[in-house]
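By the working numbering, the letter at position 302 of the sequence shown is numbered 303, and the numbering carries on one by one without gaps.
The structure under discussion appears below in the form of structure tokens.
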Amino acid sequence: EVANGGHRDLPFLLSFKAYNPSNVTALETWVGPDPCSGSWLGVRCSRGRVAGVFLDDASLVGSVAPLLGLTQIRVLAVRRNSLSGPLPPLDNSTSPRLRHLLVSHNNLSGGLNLSLPSLVTLRAEQNGFHGGLLALRLPMVKRFNVSSNELVGEIPSSLSGFPSSSFGSNVDLCGKPLPRCMHAYNAVEDGASNATTGVAQSPTAATNTASGSPSSSSNGRFSQLGLTALVATGIGNAVLIAISLAISVAMFIYMRRKLRPSKDDSKSSAALCFEEEDKIRSGEDKCQKSGALVCFDGGEELRLESLFKASAEVLGKGVSGSTYKAVLEDGIVAAVKRLSALQFPGRSKAFDRHMRLVGRLRHRHVVSLRGYCNSNGERLLVYDYLPNGSLQSLLQGNGMCAQK
Ligand SMILES: Nc1ncnc2c1ncn2[C@@H]1O[C@H](COP(=O)(O)OP(=O)(O)OP(=O)(O)O)[C@@H](O)[C@H]1O
2 EVANGGHRDL
12 PFLLSFKAYN
22 PSNVTALETW
32 VGPDPCSGSW
42 LGVRCSRGRV
52 AGVFLDDASL
62 VGSVAPLLGL
72 TQIRVLAVRR
82 NSLSGPLPPL
92 DNSTSPRLRH
102 LLVSHNNLSG
112 GLNLSLPSLV
122 TLRAEQNGFH
132 GGLLALRLPM
142 VKRFNVSSNE
152 LVGEIPSSLS
162 GFPSSSFGSN
172 VDLCGKPLPR
182 CMHAYNAVED
192 GASNATTGVA
202 QSPTAATNTA
212 SGSPSSSSNG
222 RFSQLGLTAL
232 VATGIGNAVL
242 IAISLAISVA
252 MFIYMRRKLR
262 PSKDDSKSSA
272 ALCFEEEDKI
282 RSGEDKCQKS
292 GALVCFDGGE
302 ELRLESLFKA
312 SAEVLGKGVS
322 GSTYKAVLED
332 GIVAAVKRLS
342 ALQFPGRSKA
352 FDRHMRLVGR
362 LRHRHVVSLR
372 GYCNSNGERL
382 LVYDYLPNGS
392 LQSLLQGNGM
402 CAQK
């Protein structure tokens, strides 16, 4: 890919770098003609082209747009920076391989105009995006969050299966899963009442106009025309009720199917770790052979391949296994606990169930589990790495043990 004119992805990376001051640590390593040389921090390549940029928490500023000029990019993770300006409109022609777009906690603005058939993750929360969501066409999206922006308007039905937390704290978003849109509500109500009026009242009105007299007789009996109008009203109402019931039942069945966890769901969460796209080489670890790294929220960038290539240092050993500090090639630092096979024999499904529960726990006093691997007797748990050392070393460092 380093042809006469230089590496094809180089101009995009350098123009992104140019927005940033020279003291941004991650970008200091972005020197030389080949971003795939292995020395560019946060840049991951596949077949000689830039396939991932992993620069969370890197104090970045400026526009993210140049990075979206990388035509082979699959993962862009630039969370918790100070990036600004709009996201360019993206579609299959600009970003045919983009699967994970993680731009949350920045100062990005402008509209969200993304038509990406392969996008699996969109994390855009805590920015200044405005406008509506109608220009989002993401049929494959499995993880989605646009909360805490300045978005307005109706949530498209294609996104209404996500929880309200994916949409909260915006200026004026409405529709499922948030409260109904008022204008849509009125339109429906008006439409329904007009329809009712149309069916129930027209015959009577027609009768009134035709006969030029009240539809019921003055002595309290219904005229024949009045009776016809009543029957028409009844039939009209019955038809409306039947249609509403059919729609409700169809919606109920659809939502049940959609919410039911399927085998495909676990496949897709494993896919979030990009294993399905990476060739799994024989002779490597058991977990890697199966490509079975399951990731949770915040662990989208984890890949078993880089986990096994990571430099590791033993942090400690407990009853259930050893814990390592792993520094991944992307610059990600994780704590990996390798469970002893003796401590956890068998019961693979129960273990999976347990891990999926633990993986959903998020609390500031609980270390987040970002992913795990459970395959062929190998069980690895990947946590955030906490850099302040062990409680024991803290106590000793402060002389608290001695005082005691
Ligand atoms: N997420 C983490 N970040 C940084 N260091 C960690 C992390 N998790 C564990 N450690 C370090 O690794 C050491 C060993 O952790 P480990 O969980 O294996 O111990 P343990 O709780 O005694 O284990 P067990 O529950 O198996 O008995 C800890 O004392 C701590 O210093």
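Even glycine gets a Cβ: it sits at the ideal position worked out from N, Cα and C.
Contact test: residue i Cβ vs ligand 1 heavy atom, cutoff 6 Å
{"i": "VAL320", "result": "yes"}
{"i": "GLY425", "result": "A question about residue 425 goes unanswered here, because the residues of the chain that appear run from 2 up to 405."}
{"i": "SER369", "result": "no"}
{"i": "SER341", "result": "no"}
{"i": "TYR373", "result": "no"}
{"i": "SER391", "result": "yes"}
{"i": "LEU387", "result": "yes"}
{"i": "TYR325", "result": "no"}
{"i": "ALA336", "result": "yes"}
{"i": "TYR20", "result": "no"}
Close beta carbons around residue i, own chain, < 6 Å, minus the five adjacent residues each side
{"i": "GLY112", "result": "GLY132"}
{"i": "SER159", "result": "none"}
{"i": "LEU103", "result": "ALA78, ARG80, ARG124"}
{"i": "SER212", "result": "The pLDDT assigned to SER212 is 37, lower than 50, so where the model puts this residue is not dependable; a value taken from the coordinates is nonetheless given after this. Around SER212: no qualifying Cβ."}
{"i": "GLY360", "result": "PHE297, LEU370"}
{"i": "GLY86", "result": "SER64"}
{"i": "ALA196", "result": "Interpretation of ALA196 is limited by its pLDDT of 37, a score under 50 that renders its predicted location unreliable; the figure taken from the coordinates is listed afterwards. Here the set comprises nothing."}
{"i": "PHE145", "result": "LEU123, PHE163, SER167"}
Helix, strand or coil at residue i [DSSP, three-state]
{"i": "ARG45", "result": "strand"}
{"i": "SER165", "result": "helix"}
{"i": "LEU179", "result": "coil"}
{"i": "GLY235", "result": "helix"}
{"i": "LEU103", "result": "strand"}
{"i": "LYS350", "result": "helix"}
{"i": "LEU370", "result": "strand"}
{"i": "PRO87", "result": "strand"}
{"i": "LYS18", "result": "helix"}
{"i": "GLU379", "result": "strand"}
{"i": "VAL1", "result": "For residue 1 there is no data in the structure shown, the boundaries of the chain being 2 and 405."}
{"i": "VAL147", "result": "coil"}
{"i": "THR30", "result": "coil"}
{"i": "ARG50", "result": "strand"}
{"i": "PHE297", "result": "coil"}
{"i": "VAL65", "result": "coil"}
{"i": "VAL153", "result": "strand"}
{"i": "SER245", "result": "helix"}
{"i": "LEU396", "result": "helix"}
{"i": "GLY132", "result": "strand"}
{"i": "VAL250", "result": "helix"}
{"i": "SER307", "result": "helix"}
C-beta contact flag for residue i and residue j at 7 Å
{"i": "LEU99", "j": "LEU120", "result": "yes"}
{"i": "ASN114", "j": "ALA136", "result": "yes"}
{"i": "LEU174", "j": "SER165", "result": "no"}
{"i": "LEU14", "j": "PRO36", "result": "yes"}
{"i": "GLY176", "j": "ILE156", "result": "yes"}
{"i": "ALA335", "j": "VAL295", "result": "no"}
{"i": "VAL337", "j": "SER312", "result": "no"}
{"i": "HIS101", "j": "GLN127", "result": "no"}
{"i": "SER38", "j": "THR30", "result": "no"}
{"i": "GLY70", "j": "VAL54", "result": "no"}
{"i": "VAL76", "j": "ASP10", "result": "no"}
{"i": "SER16", "j": "PRO67", "result": "yes"}
{"i": "ARG138", "j": "SER116", "result": "yes"}
{"i": "SER148", "j": "ASN108", "result": "no"}
{"i": "ASN24", "j": "LEU61", "result": "no"}
{"i": "ALA27", "j": "ALA59", "result": "yes"}
{"i": "VAL368", "j": "ASP385", "result": "yes"}
Contact with chain B by residue i, beta-carbon distance below 7 Å
{"i": "VAL153", "result": "Of the protein chains in the structure, only one exists, and it is not chain B."}
Residues bridged to residue i (per DSSP)
{"i": "TYR325", "result": "VAL315, VAL337"}
{"i": "LEU115", "result": "LEU91, LEU137"}
{"i": "TYR384", "result": "ALA336, LEU370"}
{"i": "ASP173", "result": "VAL153"}
{"i": "THR122", "result": "HIS101, ARG144"}
{"i": "ARG55", "result": "According to the sequence displayed, residue 55 carries Phe and not Arg. According to DSSP, PHE55 bridges with ALA78."}
Sequence-distant residues of its chain with Cβ nearer than 7 Å to residue i (five each side left out)
{"i": "VAL315", "result": "SER323, TYR325"}
{"i": "SER341", "result": "SER321, GLY322"}
{"i": "GLN73", "result": "ARG50, VAL51, ALA52, ARG98"}
Close beta carbons around residue i, own chain, < 8 Å, minus the five adjacent residues each side
{"i": "ALA251", "result": "none"}
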